[in-house]
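Here's the structure, in structure tokens; my notes come after.
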Amino acid sequence: MQEAAAKFDAERAAEYERQSRIALAGYEACHALAACLLAAALDAEQAQPAPCHVLVVGAGGTAQEVQSIAALQPGWRFTAVDPSPQMLDQAMARLRGLGLDAQTEAVLGTVQDLPAAQTFDAATLVGVLHHLPGDAAKREILQAVAQRLPPGAPLILAGNTHRYASRPLLLKAWAQRWRMAGAGPDEVQAKLAKILQGADPPVDEQASLALLHATGFGREERFFSSLFWTGWIAFRR
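According to UniProt numbering, the sequence shown holds residues 1 to 237 in order.
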């Protein structure tokens, strides 16, 4: 996780908000739907729902998970974990501007750095797995999340779920997203080179589900798909 965090230096953190919305068509929709699913899974529509505590893994940058969930459930609390100081600082600055910092604890580090006995009502892992090299690192973070959730608790898992070179048409369409956003030919090629060399997504969706099943999750429901990106809700067994 620390190796992945090193990629998000001050320059990349500064450009992350714009770039994340270009790279993922439907960025806001994915987060909004994730919030709706968590609210539904945790019976938030009850007359007097209990305030929930959500673990947000890889929260740095936009803190969009916190923003989207808090818009629907303003009484919920959050623990935002990120190993990149630049990304976490940027996220908390955004939350302070929205008045959400008081209900958000920022933790510079990894899930494994949290107390082993600390538990949460739900967790999100959005845009994280494809930055971790190899299946062992992916299993490790999922296991760490699972250890901090009680049976039946929901997890939102979303990220790129295909090897990019294996889906050439999708990769070309992804490049066109950048062209649509105003990138010139050289910038488009630079973005393609970066994604092909700098990320390690699971081989395909079945590989992602296998990781979930191997680390204590099941009952998954896919709720979002956009080019390489897929979003699921799953539940701690």
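By construction, the Cβ of each residue, glycine as well, lies at the ideal position given by its N, Cα and C atoms.
Close-in-space but distant-in-sequence residues of the same chain around residue i (CB under 8 Å, 5 per side omitted)
i: residue 29; result: 224
i: residue 27; result: 20, 21, 64
i: residue 76; result: 51, 52, 53, 54, 69, 70, 103
Where the beta strand (DSSP E) through residue i begins and ends
i: residue 199; result: Note, residue 199: premise wrong, no beta strand (DSSP E); not H, not E.
Residue i - partner residues in DSSP beta bridges
i: residue 224; result: 231
i: residue 53; result: 77
i: residue 218; result: 235
Residue interval of the alpha helix (DSSP H) (run including residue i)
i: residue 39; result: 27-41
Neighbourhood of residue i by C-beta, 6 Å cutoff - its chain only, sequence neighbours within 5 removed
i: residue 159; result: 127, 129, 130
i: residue 171; result: 164
i: residue 78; result: 54, 56, 66, 104
i: residue 202; result: 161, 208
Cutoff 7 Å; reference residue i; Cβ partners in own chain excluding five residues on either side
i: residue 150; result: 119, 236
Is the stretch 51-65 in contact with the stretch 75-83, if contact means three or more CB pairs nearer than 8 Å?
-> A contact exists between the stretch 51-65 and the stretch 75-83.
Which residue spans inside the stretch 141-189 form an unbroken alpha helix (DSSP H) run of at least 4?
-> Within the stretch 141-189, the complete alpha helix (DSSP H) runs of at least 4 residues are 168-180.
Complete runs of the alpha helix (DSSP H) confined to the UniProt domain "Methyltransferase type 12" (60-154) [at least 4 residues] = The UniProt domain "Methyltransferase type 12" (60-154) is shown to contain whole alpha helix (DSSP H) runs of 4 or more residues at 64-72, 85-97, 135-146, in chain order.
Tell me, please, whether the stretch 165-179 touches the stretch 134-142 by the rule of three or more beta-carbon pairs shorter than 8 Å.
-> As far as the Cβ criterion goes, the stretch 165-179 does not touch the stretch 134-142, which means the pair count is below three.
Does the stretch 88-97 touch the stretch 117-126, meaning 3 or more C-beta pairs lie closer than 8 Å?
-> Of all C-beta pairs linking the stretch 117-126 to the stretch 88-97, fewer than three are shorter than 8 Å, placing the two stretches out of contact.
Validate contact between the stretch 137-149 and the stretch 93-109 using beta carbons, cut 8 Å, 3 pairs = Cβ pair count under 8 Å is below three, so no.
Specify whether the stretch 64-75 and the stretch 20-37 touch according to this definition: at least 3 beta carbon pairs, one from each stretch, less than 8 Å apart.
-> With the cut-off at 8 Å, the stretch 64-75 and the stretch 20-37 touch.
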